[in-house]
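Going by the UniProt record's numbering, the first residue of the sequence shown is number 1, and it counts up by one from there.
Virtual Cβ for every residue (Gly too), placed ideally from N, Cα, C.
Remember, predicted model here, so these are calculated numbers, not experimental data.
Please read the structure below before turning to the comments.
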Amino acid sequence: MARISPLVALPPVIFAGLAAVFLWGMGRDNPNDLPSTMIGREAPAVPQGTLPDKTQLSDEMLRQPGVKLVNFWASWCPPCRAEHPTLMDLSKRLPVYGVNLKDPQANALAFLAKDGDPYAAISADPQGRGAIDWGVTAPPETFIIDGDGKVLFRFAGPLVREDYTNRFLPQLEKALAAED
1 MARISPLVAL
11 PPVIFAGLAA
21 VFLWGMGRDN
31 PNDLPSTMIG
41 REAPAVPQGT
51 LPDKTQLSDE
61 MLRQPGVKLV
71 NFWASWCPPC
81 RAEHPTLMDL
91 SKRLPVYGVN
101 LKDPQANALA
111 FLAKDGDPYA
121 AISADPQGRG
131 AIDWGVTAPP
141 ETFIIDGDGK
151 VLFRFAGPLV
161 REDYTNRFLP
171 QLEKALAAED
């Protein structure tokens, strides 16, 4: 009588386990949403450095009264370029602060000179260390910050089209209404 090795059962068991994990992941409320551990917590420190002739973003600015945005961006990032007109419009309604991520200063300054500067103040993060503290995965990412310096919402991706209208704008309106 031939004896069958228990290792024969290993591939089907591994496959069943992976299938269960994938099935669970597809059943989440929004499988495309990247959760953030920052929500409800005080905003992390911003990198200490800025672009020449720009106002330095400071931690104190994030704790001033009123809702504000912190946008991680780079001139080499096509989605950042796509969302730039939206940021220009938003900067007319509330303070928009920028964190320039892994970008040569000359390129960042040329981008802002050509397309406009929506940022009330800028921090430069040439190595990307500050982005890690904020949990940024890739630019652009935008955070809604309340008057106490707490993170209310994180939006990964460009602020454009339906994503902006359906996901970001309702969160911003909610934050602005809570401030009143």
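- For P44, the closest alpha carbon among the candidates D89, D133, P79, F168 is that of D133.
- Sequence-distant Cβ neighbours of K54 in its own chain, meaning closer than 6 Å and more than five residues away, are I122.
- Residue burial is scored here from C-beta neighbours: W24 has fewer than 16 other C-beta atoms within 10 angstroms and is therefore classed as exposed.
- When DSSP states are grouped into helix, strand and coil, Q127 belongs to the coil group.
- Between F168 and A131 the beta-carbon gap is near 19 Å, outside 8 Å, which marks them as no contact.
- Runs of the beta strand (DSSP E) lying entirely within the region 72-148 and spanning at least 3 residues, in chain order: 96-101, 121-125, 141-145.
- In summary, T165 is exposed, with fewer than 16 beta-carbon neighbours lying within 10 Å of its beta-carbon over all protein chains present.
- The alpha carbon of R41 has as its nearest neighbour, out of K174, F143, T86, the alpha carbon of F143.
- In this structure, M38 sits near R154, with a CB-CB distance shorter than 8 Å.
- DSSP, read as helix, strand or coil, puts R154 in strand.
- Secondary structure of V13 (DSSP, three-state): helix.
- In the structure shown, Q48 falls within a coil segment according to DSSP collapsed to helix, strand and coil.
- With fewer than 16 other Cβ atoms from the protein chains shown falling within 10 Å of its own Cβ, T137 counts as exposed.
- Under DSSP, L69 forms a beta bridge with V96, I144.
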